[in-house]
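Chains as they are written, first to last, in our numbering: chain A, 1 to 397; chain B, 398 to 794. Heads up, the beta-carbon is just placed ideally off N, CA and C, and yes, glycines get one too. Below is one structure, written out as structure tokens, with a few remarks after it.
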């Protein structure tokens, strides 16, 4: 019988974002004409930079002419884009070959699909609070999950697992806490993985938000990572491609399966992608090439700077008013501690009703998120400024 | 230990297309300056039609301005596009609601991912010869496969399975045989599914190539299909979006799990997509809206007509010369029987060496494909004409 994959029942329906929207909409309806400041979703808000728009236009125009039209591309991505990314890594002192880079339609699908190349018996370690995709994709596949606490006491960077984990999901800079791992912290995970023949799955989607040059922006800055780590990256947050859809995953050729006879993980991911994916949009890939041009890098860096100025405004504004804030220094997220012992949802209601600000309840990201709010620095400058002012004026820290 | 999903070893590496390319490249190298006619890959070759180019341009320009920029859209797709597709179905007498349509980055990922909502114990029936994605995605998930013979004796439309199958993959018009199922043939599968509580997964990616109005272009033209069928569709072949990437999957709300307490399949696919997918490109979706406009439908229909004229030229040219041909009447593929008892690869070599034509060996699609070649009607008109002439002049039927 066509029975359902019963493991879907183990994934909590993500009511959180729906409830956030529902509550915000209800408030808006009850208070017509009142401005609401939405700092909930981690969604880019500024238009694409000019050089990237030009690249996308070029992508469209190529399809309009018989001489330049292309249909299916390689599932692994446009060779020019893979090469440009390898050069981009090289410019940062990281050695990654074009054939180790797989272009995708974004980091989220890759984060969700990568575990499919590993056995169902693998144990997956994820941080708590967690970007839910790492957890839910493994639950759906029936894998056991180990949670690594990311709490105030450890600066929101978890300790090594104290039980065996085969897959270690790390996100740095972190969504939702905004914490960025140091070299030493990341090295500890790489060393654990090498010692235990585990694989680190490193989500670097927010790497471009790092302001301190001493913090690693790629896991391959750490010695040994080419033997134990997969890196997932994206143009979404660095170039405003959240809607355009373009990312990539690096699977080094030096990363072998537990049983070396089984070959390299690169080969397995290649098999997965050629079987189940049909390449990223050729228009988006032309846009990606434009992002990596000198002009594109300059312009997108300025845009990231702009969002990070937003983050600084939120962080400073709330801290000066007496709130306890974390993150927001190398990430577009401020991890705000709920004042007066309030729960995430309790403070959500207060922020909405008294300050007309929508933020994301930390409890939605796991038990350690309870008592926190994720405040996003994505938003137009005036929205950010008004939201901070409204919180400071209307909410007791 | 981070062991590999060992089921990947059960998926034959798809050497076929690689070998096709390798052999064609070797021939080209050995015969410099000699024109080779490539009718192998099912890849669109004509530029996008003007109204669709305009739609894509509009998609890019929206992202260039602060007032119209959008980031993440709904994972299920742009509400305008879902509505336009529901209206497009309605214009053909098919009733599908916008909330039953899930926009994706193409039919291939959906064909590969759809089975993940079903239990690992489900038995999947696929045609032989088969578009490999249906088979391989189920092998990787560990499901048992039942093969349904599609051979000359049954007009390449398989009989009902004579053992229990939970999932029934049908592709009509068919890739690779070009056979299109009649209403009665499709109804037999719908009735089987209803009687057995199975689910038909109907790949209608080539529906627009149907020339005979009495043949079903959507499975929902068959009574009862809304209670047992999922339909997967695409803009790839109907509008040249092979590289742009845009498709959709219909999961009716009337389609419930075997255990009705588990709810509707629509809810499960929604869960899968919201967890593991992040929406199709907003630029591609603007293009999809343009395809569905009156002008877009007119222009893309003319393009499909053009490819079908190619198919008619191939079919008639080869048949008149004494070859045995199937398909190509409601599909862009001609299923050519290898002459003189040659194997697929034997005839491949002869076609390449004597006629300088590249076609796809049928054996690559399964055991029943042995002794056949898939000849694609995608190609510029002059290439098609030269290829047919070259076969007729140089190959003995």
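Between residue i and residue j, what straight-line distance do the alpha-carbon atoms span, to the nearest angstrom?
i, j, result
"residue 309 of chain A", "residue 357 of chain A", "19 Å"
"residue 481 of chain B", "residue 386 of chain A", "38 Å"
"residue 495 of chain B", "residue 65 of chain A", "33 Å"
"residue 125 of chain A", "residue 147 of chain A", "6 Å"
"residue 31 of chain A", "residue 382 of chain A", "21 Å"
"residue 203 of chain A", "residue 726 of chain B", "49 Å"
"residue 555 of chain B", "residue 128 of chain A", "51 Å"
"residue 213 of chain A", "residue 438 of chain B", "47 Å"
"residue 485 of chain B", "residue 336 of chain A", "47 Å"
"residue 711 of chain B", "residue 589 of chain B", "36 Å"
"residue 226 of chain A", "residue 760 of chain B", "39 Å"
"residue 627 of chain B", "residue 653 of chain B", "11 Å"
"residue 172 of chain A", "residue 232 of chain A", "11 Å"
"residue 163 of chain A", "residue 744 of chain B", "58 Å"
"residue 683 of chain B", "residue 393 of chain A", "42 Å"
"residue 154 of chain A", "residue 327 of chain A", "13 Å"
"residue 459 of chain B", "residue 283 of chain A", "15 Å"
Give the C-beta separation of residue i and residue j to the nearest angstrom, bearing in mind that I take them to be a contact with Cβ-Cβ under 8 Å.
i, j, result
"residue 333 of chain A", "residue 175 of chain A", "6 Å"
"residue 499 of chain B", "residue 700 of chain B", "In fact, because the Cβ distance is near 26 Å, the residues do not count as touching under 8 Å."
"residue 281 of chain A", "residue 402 of chain B", "About 28 Å; that fails the 8 Å criterion."
"residue 506 of chain B", "residue 276 of chain A", "6 Å"
"residue 587 of chain B", "residue 596 of chain B", "Not confirmed; about 11 Å, so no contact."
"residue 206 of chain A", "residue 169 of chain A", "At roughly 14 Å, the Cβ-Cβ gap does not stay under 8 Å, so residue 206 of chain A and residue 169 of chain A are not in contact."
"residue 20 of chain A", "residue 360 of chain A", "6 Å"
"residue 497 of chain B", "residue 648 of chain B", "6 Å"
"residue 78 of chain A", "residue 123 of chain A", "Not quite, the Cβ-Cβ distance comes to about 36 Å (not below 8 Å), so this is no contact."
"residue 445 of chain B", "residue 714 of chain B", "Not a contact, Cβ separation roughly 28 Å."
"residue 219 of chain A", "residue 186 of chain A", "6 Å"
Among residues of its own chain, excluding the 5 on either side of residue i, which ones have a beta-carbon nearer than 8 Å to its beta-carbon?
i, result
"residue 432 of chain B", "753 and 783"
"residue 93 of chain A", "221"
Along chain D, in chain order, which residues have C-beta atoms closer than 9 Å to that of residue i?
i, result
"residue 44 of chain A", "The displayed structure is made up of protein chains A and B, and chain D is not among them."
Given that a residue counts as buried once 16 or more other Cβ atoms are within 10 Å of its Cβ, and exposed if not, what is residue i?
i, result
"residue 237 of chain A", "buried"
"residue 208 of chain A", "buried"
"residue 216 of chain A", "buried"
"residue 113 of chain A", "buried"
"residue 138 of chain A", "buried"
"residue 540 of chain B", "buried"
"residue 29 of chain A", "exposed"
"residue 91 of chain A", "exposed"
"residue 675 of chain B", "buried"
"residue 574 of chain B", "buried"
"residue 529 of chain B", "buried"
"residue 691 of chain B", "exposed"
"residue 68 of chain A", "exposed"
"residue 10 of chain A", "exposed"
"residue 773 of chain B", "buried"
Give every residue of the same chain whose Cβ lies closer than 7 Å to the Cβ of residue i, excluding the five residues on either side of it in the sequence, and list them in chain order.
i, result
"residue 43 of chain A", "242 and 378"
"residue 794 of chain B", "718, 719, 720 and 736"
"residue 288 of chain A", "81, 235 and 246"
"residue 8 of chain A", "140"
"residue 591 of chain B", "621, 624 and 625"
Once you ignore the five residues that flank residue i on each side, which residues in its own chain have a CB closer than 6 Å to its CB?
i, result
"residue 398 of chain A", "Any answer about residue 398 of chain A is impossible in this case: the structure gives chain A only from 1 up to 397."
"residue 687 of chain B", "448, 449, 452 and 693"
"residue 76 of chain A", "102"
Helix, strand or coil, according to DSSP, for residue i in the structure here?
i, result
"residue 36 of chain A", "coil"
"residue 314 of chain A", "helix"
"residue 203 of chain A", "strand"
"residue 676 of chain B", "coil"
"residue 101 of chain A", "strand"
"residue 731 of chain B", "strand"
"residue 809 of chain B", "Since the first and last residues shown for chain B are 398 and 794, residue 809 of chain B lies out of range."
"residue 562 of chain B", "coil"
"residue 517 of chain B", "coil"
"residue 771 of chain B", "strand"
"residue 228 of chain A", "coil"
"residue 198 of chain A", "coil"
"residue 128 of chain A", "strand"
"residue 530 of chain B", "helix"
"residue 619 of chain B", "coil"
"residue 661 of chain B", "strand"
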